[in-house]
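The structure appears right after this line, and notes come after that.
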Amino acid sequence: MREIVLDTETTGFEYKQGHRLVEIGCVELENHMPTGNTYHQYINPERDMPEGAFRVHGLSEEYLRDFPIFKEVAQEFIDFIGDSTLVIHNAGFDVPFLNWELKQHGFAEMENNVVDTLIMARKMFPGSPANLDALCRRYQVDNSNREKHGALLDSELLAEVYLELIGGRQPGLLLGKNVYDDDEDVKIERVFREPRPHHATEEELAAHAAFMEKINDPIWYRGKEGG
214 MREIVLDTET
224 TGFEYKQGHR
234 LVEIGCVELE
244 NHMPTGNTYH
254 QYINPERDMP
264 EGAFRVHGLS
274 EEYLRDFPIF
284 KEVAQEFIDF
294 IGDSTLVIHN
304 AGFDVPFLNW
314 ELKQHGFAEM
324 ENNVVDTLIM
334 ARKMFPGSPA
344 NLDALCRRYQ
354 VDNSNREKHG
364 ALLDSELLAE
374 VYLELIGGRQ
384 PGLLLGKNVY
394 DDDEDVKIER
404 VFREPRPHHA
414 TEEELAAHAA
424 FMEKINDPIW
434 YRGKEGG
């Protein structure tokens, strides 16, 4: 089962007010495990960067100016996600932005199934903070590198949080390859132990016989005499 953990960064909250995408980050999962395959793209929004948005993600108008516009990267993004389920934190924000951009540039809107981890977290922990930082703290996911929001970094963190939300990784369970270690096979060293002796020694047999002789009227003989 293939899933794509996805996050975006934008110039603001409302595409209807002229705000645009500036970054997309995706992490591929197979059977709920990261494969190491990712998609990451900065996007020139062709507009200024409001100060509030800059404080969130640190992407300036000048920095983004040399990156492609959305139309130039849309097909690559579509090809990457395919028809896989999308795992998004607050999908009600990201999905409308993406669909608006796709529609404006002549592409079909996404029809992928979507798992919203924000909704999952609010149902599991009602009344508790459900933002990504709070969930990282709850599940002890290291987010120390998250000084600012970043689409790929946040997708990587969300992939770990999502795994915990759906039940968590079994301790000590290693599946296939370690994708964080240059795709080298995981080697598990097995420790050989000599088999334990299970036959009773002569001394043990003698001690047992002596113990049995001391028992009067053992219960295992009752009922055998006289029917």
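Residues in the sequence shown are numbered from 214 upward in steps of one, following our numbering. For each residue, glycine too, the CB sits at the ideal point set by N, CA and C. In this text, all values refer to a predicted model and were calculated from it rather than measured experimentally.
query	result
CB Thr330 to CB Val374, shorter than 8 Å?	yes
Drop a sphere of 10 angstroms on the beta-carbon of Asp367, count the other beta-carbons inside from all chains shown, and report buried for 16 or more, exposed for fewer.	buried
Under the assumption that Ala364 contacts Glu227 (Cβ atoms under 8 Å), give the Cβ distance between them as a whole number of angstroms.	So it is not a contact: roughly 19 Å between Cβ atoms.
Could you give the residue range of the alpha helix (DSSP H) that holds Thr330?	330-337
Measure how close the beta-carbons of Asn356 and Leu371 come, nearest whole angstrom, since I'm counting them as under 8 Å.	Going by Cβ atoms, the distance from Asn356 to Leu371 rounds to 10 Å, so no, they are not a contact pair.
For Met425 and Glu416, I'd like the C-alpha separation in whole angstroms.	14 Å
Skipping 5 residues on each side, what residues in its chain have a beta carbon closer than 7 Å to that of Thr224?	His232, Arg233, Val235, Pro258, Arg260, Met262, Pro263, Ala266
Please identify the residue among Arg278, Arg359, Gly238 whose C-alpha is closest to the C-alpha of Ala287.	Gly238
Please look up how many angstroms separate the CB atoms of Val308 and Val327, rounded, as I've assumed it's under 8 Å.	6 Å
Would you tell me roughly how many angstroms separate the C-alpha atoms of Thr251 and Ser341, rounded to the nearest one?	31 Å
Quick one: complete alpha helix (DSSP H) runs, 4+ long, within the stretch 236-284?	264-270, 274-277
Thinking C-beta only, is Ile301 closer than 8 Å to Leu277?	no
For Glu216, which residues of its own chain have a beta-carbon under 7 Å away from its beta-carbon, when the five flanking residues on both sides are left out?	Leu242, Ser297, Thr298, Val300
Going by other Cβ atoms of all chains shown within 10 Å of its Cβ, with 16 needed for buried, is Val269 buried or exposed?	exposed
Reducing DSSP to helix, strand and coil, say where Phe226 ends up.	coil
What do you reckon, are the CB atoms on Ile282 and Phe320 nearer than 8 Å?	no
Cα separation between Arg161 and Leu378?	Any answer about residue 161 is impossible in this case: the structure gives the chain only from 214 up to 440.
Helix, strand or coil for Ile301, going by three-state DSSP, please let me know.	strand
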